[in-house]
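Quick note on my numbering: the sequence shown kicks off at 162 and runs consecutively.
Idealized CB from N, CA, C, for every residue including glycine.
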Amino acid sequence: MGSGAAIPQWTSEPCIMGIDEAGRGPVLGPMVYGCLYCARSYEKTLSSLNFADSKTLKEEKREELFENLKADESIGWAVDIIDPRELSAKMLKKNKINLNEISHDSAIGLIIKVLNMGVLLTEVYVDTVGDAEKYRTKLSERFPAVKFVVAKKADSIYPVVSGASIVAKVTRDRALRDWVLEETAEDLHKNFGSGYPGDPNTKAWLQHHKHLVFGFPTLVRFSWGTCTPYFKDIVEVLWESNETDGDGSSSANGKRQLKLSNFGVTKSKRKIEEIESSGKGRCKFFMARKLEQVTQF
């Protein structure tokens, strides 16, 4: 039973739910939080469905189990897909939201979603993010009527979390497989390997797909430290801001010019001029249309 299906009668019975994520570590693609829920009376049957930590299963087996749980009218599930652009924007904003907070917010959002559907949740099992007891306390204070169990490797201990792990992993795998690259460069491809920072194929893909002005395609979580080494040759960028919070230099008209130095974008003005005059490093969009930079009108 997906989130868009009609609510069955069993949801008015005391229900349990498991929550897990997929794609926390990769530098590419979304992070996905998944949940699986069922009536407490169905828990024994759930244990016999051979759910396991998705990382221990082959892709074919995960797909099979996912199709089985989707067809099971005694099981409900939902996902929250967090776009890589959203991850980077939150982690790089002035008041940073770290990955643990993003993860907590996603799990809380799934609980709210299921409760608002009318499901009588009485127990929720969660794989820990950060300090387990602090996380449990945070959830319990937000949802006092629900009992929470927060544990390391919950996906290998509790079948309801194992099922959630499969929901999250299969959803992320499909999202990556079906991802449509918005960028239009001729040599774009999706042979990026696993997407994890240590994967040689992923590192080669990042190197090949960086742009001196526009950075990486939107598939990339550019807030990841993995990306920093690739920024050393990127063109320096300045922009003006009306804010005057004192952390930038003020220009004559009262506006500040801010540098993207946090991303390692330190190419000198002279170097920029060399690139512009040679035509190297220019975006194909501009080159194809024979567009030139104009400084005087």
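When you compare the CB positions of residue i and residue j, do they come within less than 8 Å of one another, or not?
| i | j | result |
| --- | --- | --- |
| residue 193 | residue 329 | yes |
| residue 275 | residue 198 | yes |
| residue 261 | residue 290 | yes |
| residue 169 | residue 380 | no |
| residue 224 | residue 331 | yes |
| residue 367 | residue 394 | no |
| residue 308 | residue 293 | no |
| residue 263 | residue 243 | yes |
| residue 212 | residue 226 | yes |
| residue 467 | residue 265 | A query on residue 467 cannot be resolved here, the shown segment of the chain reaching from 162 to 458 and no further. |
According to DSSP, what are the bridge partners of residue i?
| i | result |
| --- | --- |
| residue 238 | 197 |
| residue 183 | 193 |
| residue 370 | Residue 370 is not bridged to any residue. |
| residue 273 | Answer by DSSP bridge pairing: none, since residue 273 is not bridged. |
| residue 178 | 198 and 285 |
| residue 263 | DSSP, once it has assigned bridges, lists no residue as partnering residue 263. |
| residue 309 | 285 |
| residue 243 | 192 |
| residue 376 | 372 |
| residue 381 | 189 |
So residue i and residue j are in contact, right, with Cβ under 8 Å, and what is the actual spacing, rounded?
| i | j | result |
| --- | --- | --- |
| residue 191 | residue 333 | 6 Å |
| residue 241 | residue 271 | 6 Å |
| residue 370 | residue 378 | 6 Å |
| residue 202 | residue 281 | 12 Å between Cβ atoms; not a contact. |
Is it buried or exposed, residue i, if we count other Cβ atoms within 10 angstroms and call 16 or more buried?
| i | result |
| --- | --- |
| residue 376 | buried |
| residue 389 | exposed |
| residue 268 | buried |
| residue 200 | buried |
| residue 279 | exposed |
| residue 239 | buried |
| residue 415 | Bear in mind that a pLDDT of 44 at residue 415, under 50, signals an unreliable position, so the number given afterwards is only what the model happens to contain. Looking at its Cβ environment, which holds fewer than 16 other Cβ atoms inside 10 Å, residue 415 is exposed. |
| residue 236 | buried |
| residue 177 | buried |
| residue 311 | buried |
| residue 407 | With a pLDDT of 48 at residue 407, under the threshold of 50, the predicted position of this residue should be treated as unreliable, and no value is reported. |
| residue 218 | buried |
| residue 230 | buried |
| residue 287 | buried |
| residue 305 | exposed |
| residue 341 | exposed |
| residue 195 | buried |
| residue 423 | Legend: pLDDT at residue 423 = 45, less than 50; position of this residue unreliable, value from coordinates given subsequently. Residue 423 is exposed by the Cβ-count criterion. |
Exercise for review: Mind the definition here: the region 173-187 touches the region 321-334 only if three or more C-beta pairs lie below 8 Å; say whether that holds.
Suggested key: yes
Check your understanding: Are three or more beta carbon pairs between the region 349-363 and the region 192-207 nearer than 8 Å?
Key -> no
Point to revise | Stretch pair the region 248-257 + the region 379-398: three plus CB contacts closer than 8 Å | key: yes
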